Amino acid sequence: MEYKLDISVVVPLFNEDESLPELYAWIERVMKERGFSYEVIFVNDGSTDNSWNVIETLSQENSEHVRGIKFRRNYGKSPALYCGFKAAQGRVVITMDADLQDSPDEIPELYKMIVEEGYDLVSGYKLNRSQGDPLSKTIPTKLFNATARKVSGIKNLHDFNCGLKAYRRKVIKSIEVYGEMHRYIPILAKHAGFKRIGEKV
Ligand code: UDP
Ligand code: MG
383 MEYKLDISVV
393 VPLFNEDESL
403 PELYAWIERV
413 MKERGFSYEV
423 IFVNDGSTDN
433 SWNVIETLSQ
443 ENSEHVRGIK
453 FRRNYGKSPA
463 LYCGFKAAQG
473 RVVITMDADL
483 QDSPDEIPEL
493 YKMIVEEGYD
503 LVSGYKLNRS
513 QGDPLSKTIP
523 TKLFNATARK
533 VSGIKNLHDF
543 NCGLKAYRRK
553 VIKSIEVYGE
563 MHRYIPILAK
573 HAGFKRIGEK
583 V
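Be aware that the sequence shown starts at 383, since it is given in the working numbering, and climbs by one per residue.
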């Protein structure tokens, strides 16, 4: 099958105007170094700061690569991802948070795991992701992941909720993400029949 682009990066965002230029420059650098054809889809989830202006500027300066989707109000991360998935044209679709907690340097390896190693979905996992978080946040997170592993039978994922994930195109076109479902996407994917789920540490 022919694909229009190697990679679509989908970035859901709410009030992230400060990090967007740096995030885009970083993604662009990685894509150029590796010679990927790509698009970055910024989904502005009703930001009340300057995010939309920043996205408009970025898309004017990089019209071939940057697309913006704008919600009229704050609907949440799941609807933002879902809209980005609808628009994505790449062979591999990568989601990334806008707050620079996820590193674009991981994109080439994620791409390779999907295209060459046959994974349907690869989740990022940062050993130090919860570093600095209070126990009131890390303990529920651990419980959440332990429960999700048990219920889903996806035993190899440490962090279901990691914003950095890569998908084979078919996967994101087969699932519907709404409400708070972004936390459970690996489970949705498994139920849609995609069983090759991996993690990149
Ligand atoms: N986000 C969004 N809509 C919201 C809340 C968050 O699009 O209503 C975006 C946010 O800007 C970021 C990503 O979703 O790009 C993850 O959000 P956050 O960093 O708050 O989540 P956490 O790191 O705690 O999982
Ligand atoms: Mg975050």
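Heads up, the beta-carbon is just placed ideally off N, CA and C, and yes, glycines get one too.
Keep in mind that this is a model prediction, so the values were computed, not measured.
Let me confirm a value: residue i is counted as buried when at least 16 other C-beta atoms fall within 10 Å, else exposed. Which label applies?
i: E398; result: buried
i: A331; result: One cannot answer for residue 331 here, as it falls past the ends of the chain, which runs 383 to 583.
i: N435; result: exposed
i: S460; result: buried
i: M533; result: Looking at the sequence shown, residue 533 is not Met but Val. Its Cβ having fewer than 16 others within 10 Å, V533 is exposed.
i: E446; result: exposed
i: N426; result: buried
i: H573; result: exposed
i: K547; result: buried
Taking residue i and residue j to be in contact with their CB atoms under 8 angstroms, please state how far apart those CB atoms are, rounded to whole angstroms.
i: G545; j: T477; result: 6 angstroms
i: I389; j: I489; result: 7 angstroms
i: Y406; j: M413; result: Not a contact, Cβ separation roughly 10 angstroms.
i: Y457; j: E558; result: Not confirmed; about 14 angstroms, so no contact.
Examine the ligand UDP and report whether any of its heavy atoms sits within less than 7 angstroms of the Cβ of residue i.
i: Q483; result: yes
i: D427; result: yes
i: L395; result: yes
i: K572; result: no
DSSP beta-bridge partners for residue i?
i: A548; result: I476 and V504
i: I423; result: V392 and R449
i: L387; result: G472
Beta carbon of residue i: closer than 7 angstroms to some heavy atom of the ligand MG?
i: D388; result: no
i: D479; result: yes
Can you give, in chain order, each stretch of the alpha helix (DSSP H) that sits fully within the region 430 to 507 and has at least 4 residues? 433 to 443, 459 to 469 and 489 to 497
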